[in-house]
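Chains as they are written, first to last, in the numbering used here: chain A, 107 to 233; chain B, 10 to 392; chain C, 61 to 467.
Using N, Cα and C, we set each Cβ at its ideal position, and we do this for glycine too.
I have placed the structure first, in the form of structure tokens, so that the comments after it can refer back to it.
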Amino acid sequence: MAYSVKVLDHYENPRNVGTFDKDDLSIGTGMVGAPACGDVMKLQIKVSDNGVIEDAKFKTYGCGSAIASSSLLTEWVKGKTLEEATQIKNSEIAEELALPPVKIHCSVLAEDAIKAAIADYQKKSEA
Amino acid sequence: MTVYMDYNATTPVADEVLAEMLPYLSKQFGNPSGRHSQGRIARAALDQSREQVAALVNAQPSQIIFTSGASEANNLAVKGWPCHRESTCTAVSAIEHPSVLAPALYQQQCGKKMKTIAVDEDGRVSRTALEGVLEEGAGMVSVMMANNETGVIQDIGMISRCAHEHGALVHSDAAQAVGKIKVDFVASEVDMMSLSAHKLYGPKGVGALVVSKSLDLAAQIHGGGQENGMRSGTENVAGIVGFGAAADLALRQLESYQAQMDVLRNYLESCLRTLDGVVLFADQAHRIPNTVCIALPGLDGETAVMMLDQDGIAVSSGSSCASGSTEPSHVLLAMGVDPDVARCAIRISLGKQNTVADIDTLISALERHIDSMGSMSAAYYSS
Amino acid sequence: MSELKYPIYLDYAATTPVDPRVAEEMMGCLTMDGNFGNAASRSHTFGWNAEAAIDKARGHVADLLNADPREIIWTSGATESDNLAIKGTAHFNRKKGKHIITSKTEHKAVLDSCRQLEREGFEVSYLTPEDSGLLDLEKLKAEIRDDTILVSIMHVNNEVGVIQDIEAIGEITRERGVLFHCDAAQSAGKVPIDLEKLKVDLMSFSAHKIYGPKGIGALYVRRKPRVRLEAQMHGGGHERGMRSGTLATHQIVGMGAAFRIAKEEMVEENARLMKLRNRLWNGLKDIEEVYLNGDLEQRVPGNMNISFNFVEGESLIMALKDMAVSSGSACTSASLEPSYVLRALGREDELAHSSIRFSLGRFTTTENVDFVVKTVRGKVDKLRALSPLWDMYKEGIDLSTVEWAAH
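The following block contains the structure:
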């Protein structure tokens, strides 16, 4: 199984690796997956007052495709409104990274991660 | 100086084929199941070979299951054909190779039915004989494409159509046919076809079963799930690469091979016909172009072959299998040949390295032995 | 000093390159000017020469094992040998009993042969090894029943390299009148095998794990007391009726040469590999949260199977692109399932997912090992910096108490 050039690039030079303070009200944190399944993704977004994602950071335990999916996602969500970010589909990630069928679940996980991060942010701001 | 004329037993590996194989014994030695670059290189080599073998018989690469040889392929076909069909009865022609006959007999021991399809005096399966076993309920018929001893080619298209009309499956052992005549998996309409590399200037220890996509075959060797679960075991990468290269070579050289064999065999047969009392089996039948099966009544086949070996000439007294038995050939007996004549059978199978001079050597040796046998029996009778 | 070549091959347990000396002998059995005949051709020199070469190779294989050459049956590899041994003896002895004992850490060829027998109505007990990977023989004894016909236990495990006490197992099975099959694909040429002494009835071998070619193997079938089995491949009656099919002379000659060389060089080679393996382990064992899988003492010199906690195995393999290693066994590494062997050793899924098998061999050098140590340390650091699990561990969170959003 050979990885695509884009997966290799994100894997070798992951973008936006890091952590925000998860207790900060402007931060939404999504953590999905399970160690037993071989992948855990943590995605964090920093949201401005007008509902735009200013910054994003991730950490991922998983295969190269999982790391690349989350790295790509942090690039994509920056500058998007929450509404726009919710609409990112796993198929778009899979297509951009040319993921083989056995790795499609990595893109699904990434989609789940952004949805979870947005939900977390919204929950905190409503509270 | 030795003359090899036993190409139906095995062939030497062509130099071009060996050259393709060698890298896979040294630098490119990876296990195709490995995920690192060595593994991927080996996997790519398997893919290419699969395409080459498929091209030789006009099949899809995905229809090729690599095995350790035609014997294993025949076992897989005869024991693995889908038994959830209505009938579990296997019908095999009377002249099949032991690796088809023996598994069919084994199936019978396990309580399944087996039938034998009779052949005519040229060793061919007739429509009537075939319809007989089909009407008796055969669910699968196995008839070889070309016979290893006589070289006789079956009308496999007719056999397939007839079997399919009766709802039966068809397997054909094409080990002796590929590389010698055009073999077309699609046109022949068979459901399964066995191939061997070492009969077509490839290495020993590798073969294939070509299987039509709709068949749900039962694997016979279980384990790591290689070959889509149909044949477990680490792939013989160098062997498979050699098979692919040999298939490719055979496809490219088919016409020149046939032309060369036609010249040699016509010359051989014309010389043989000058020998006293010689019998040429099935010489009017449609045969693969390299095979001649004869008998010199009065000269025991086994003895003749041993004497020829002393002269540095390698031919065979019948099929080449491990039993080492002195029983007359089951193929000739099935064709109705008298057992005493069948015991005198000699198979001459020609190949790419043979020349007209080789044939002259063979003929003069045969003449010498016939003369000495004549004088020996004359001496016997006069004493 | 030799120049380092990339990738560095550290997957000798998956397969090995053919030793140049072996390749040389194989090449002599292929082309027109070589020994290309069919050994079944009983009537001419070409056939006899092939047969003589095969007999000589049979002698070399028997020599390494202290067996009689007549006890060696050629097959297409250890997978076929395992199939023949297990299904062949089960089918032959089905009237005596229908119970078979094996272990959960056997090679797929053994496990899948057993599964097939279960479909045919046999009953199979699967022993769970201790966390060291070794079997508790009291548990084996307790499983043996009056209708047990066969025990199949591997000599050396392909993933974790642990060596089972087959001498003791043989004593138990012989006393109880049960046949003992042992898959020795990973042990031949690495661990001394004396079949005069060991009470093993059937033993499977492979050539390509010890610098011979792929596509050839053997099954040892004991003559005294005589072991009988039903052939699984029928035909011309080669190999005394136990395995039909034209013998691949070059392959067999290659296996013979590989076994001969293994016998000559095993002691020296093992000592060298032991040093390299210790150098590898000493270079890695002080990394935080690193675990060795399988017993360290009862282990073949070339194998190290290590879990790097909080780093996922596949991404680590990707990071180690300058070396060829494997996670789990080669046969299953296309799947996303964690290794069933490590699970049977009681490793939780996380650690199983984080495992790498380094297997060292004839062409591994000290420089190779030093490079591996340096690279692995760097890459584990890098991937842990990316790992949310590592952060949680560092924060003192017990991961087993976390509720994961499974997907």
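DSSP, reduced to helix, strand and coil, places C/Gln358 outside both helices and strands of the structure shown, so it counts as coil.
The criterion of a C-beta distance shorter than 8 Å is satisfied by B/Ala177 and B/Met149.
In the structure shown, C/Arg282 adopts coil according to DSSP, grouped into three states.
Judged by DSSP secondary structure, A/Val153 falls within the beta strand (DSSP E) whose first and last residues are 145 to 153.
In this structure C/Ser103 does not touch B/Ser338 by the C-beta definition: roughly 13 Å separates them, more than the 8 Å allowed. Note that the C-beta distance between C/Thr426 and C/Leu336 is below 8 Å.
Against chain C, the CB of B/Thr364 has no partner CB under 8 Å away; the residue lies outside that interface.
Considering only beta carbons, the part of the stretch 123 to 142 of chain A lying closer than 8 Å to chain C consists of Val123, Thr125, Met137, Val138, Gly139, Ala140, Pro141, Ala142, in chain order. Residue state for B/Arg296 is assigned as strand, using DSSP reduced to three classes. A straight line joining the alpha-carbon of C/Lys284 with that of C/Ser266 spans about 23 Å. The C-beta separation of B/Ala259 from B/Val142 comes to about 33 Å, leaving the pair out of contact by the 8 Å criterion. Ranked by Cα distance from B/Gly78, the first of B/Asp257, B/Phe252, B/Cys302 is B/Phe252.
In this model, B/Asp367 and B/Val12 are separated by some 6 Å (Cα to Cα). The beta carbon of C/Gly277 lies closer than 8 Å to those of Trp134, Thr135, Ser136, Gly137, Ala138, Thr139, Glu140, Ser141, Ala245, Ser264, Phe265, Ser266, Ala267, Met315 in the same chain, with the five residues before and after it left out.
For C/Phe106, at least one C-beta of chain B is nearer than 8 Å to its own C-beta. For C/His241, the beta-bridge partners assigned by DSSP are C/Ser212, C/Leu262.
Of all residues in the stretch 154 to 185 of chain A, the ones placed with a Cβ closer than 7 Å to any Cβ belonging to chain C are Lys165, Thr166, Tyr167, Gly168, Cys169, Gly170, Ile173, in chain order. Nearest in C-alpha terms to C/Asn109, of all of C/Arg286, C/Gln176, C/Tyr69, C/Leu90, is C/Leu90. Nearest to C/Asn330 by alpha-carbon distance, out of C/Leu420, C/Leu352, C/His159, is C/Leu420.
DSSP places A/Ile159 in the strand class (E or B) of the three-state scheme. Relative to A/Leu114, the option among A/Gly168, A/Ala174, A/Pro141, A/Gly124 whose CA is nearest is A/Ala174.
Taking all protein chains shown into account, A/Glu160 has fewer than 16 neighbouring C-beta atoms within 10 Å of its C-beta and is therefore exposed.
In summary, C/Lys147 is buried, with 16 or more beta-carbon neighbours lying within 10 Å of its beta-carbon over all protein chains present. Contact between the stretch 161 to 175 of chain C and the stretch 185 to 195 of chain C is established, with three or more Cβ pairs separated by less than 8 Å.
For C/Trp450, the enclosing alpha helix (DSSP H) begins and ends at 448 to 454.
Listed in chain order, the non-local C-beta contacts of B/Ser221 below 6 Å within the same chain comprise Asp200, local neighbours out to five positions each way being set aside.
Against chain C, the beta carbon of A/Tyr227 has no neighbour under 7 Å; the closest one sits roughly 16 Å away. With respect to chain C, the C-beta atom of A/Val111 has no partner C-beta closer than 8 Å. Listed as beta-bridge partners of B/Met154 by DSSP are no residues whatsoever.
At a cut-off of 8 Å between beta-carbon atoms, B/Arg44 makes contact with chain C. When DSSP states are grouped into helix, strand and coil, A/Ser175 belongs to the helix group. Using a C-beta cut-off of 8 Å, the stretch 257 to 272 of chain B makes no contact with the stretch 105 to 125 of chain B, since fewer than three inter-stretch Cβ pairs fall below that distance. Secondary structure within the stretch 378 to 447 of chain C: the beta strand (DSSP E) runs of 3 or more consecutive residues, fully enclosed, are 415 to 419 (chain order). Within chain B, Gln229, Ile230, His231, Gly232, Ser241, Gly242 have C-beta atoms less than 9 Å from the C-beta of C/Asn143, given in sequence order.
Looking at the backbone, the Cα of A/Met147 and that of C/Leu200 are separated by about 43 Å. Burial is judged here by how many other beta carbons sit within 10 angstroms of a residue's own beta carbon; A/Tyr167 has at least 16 and is buried.
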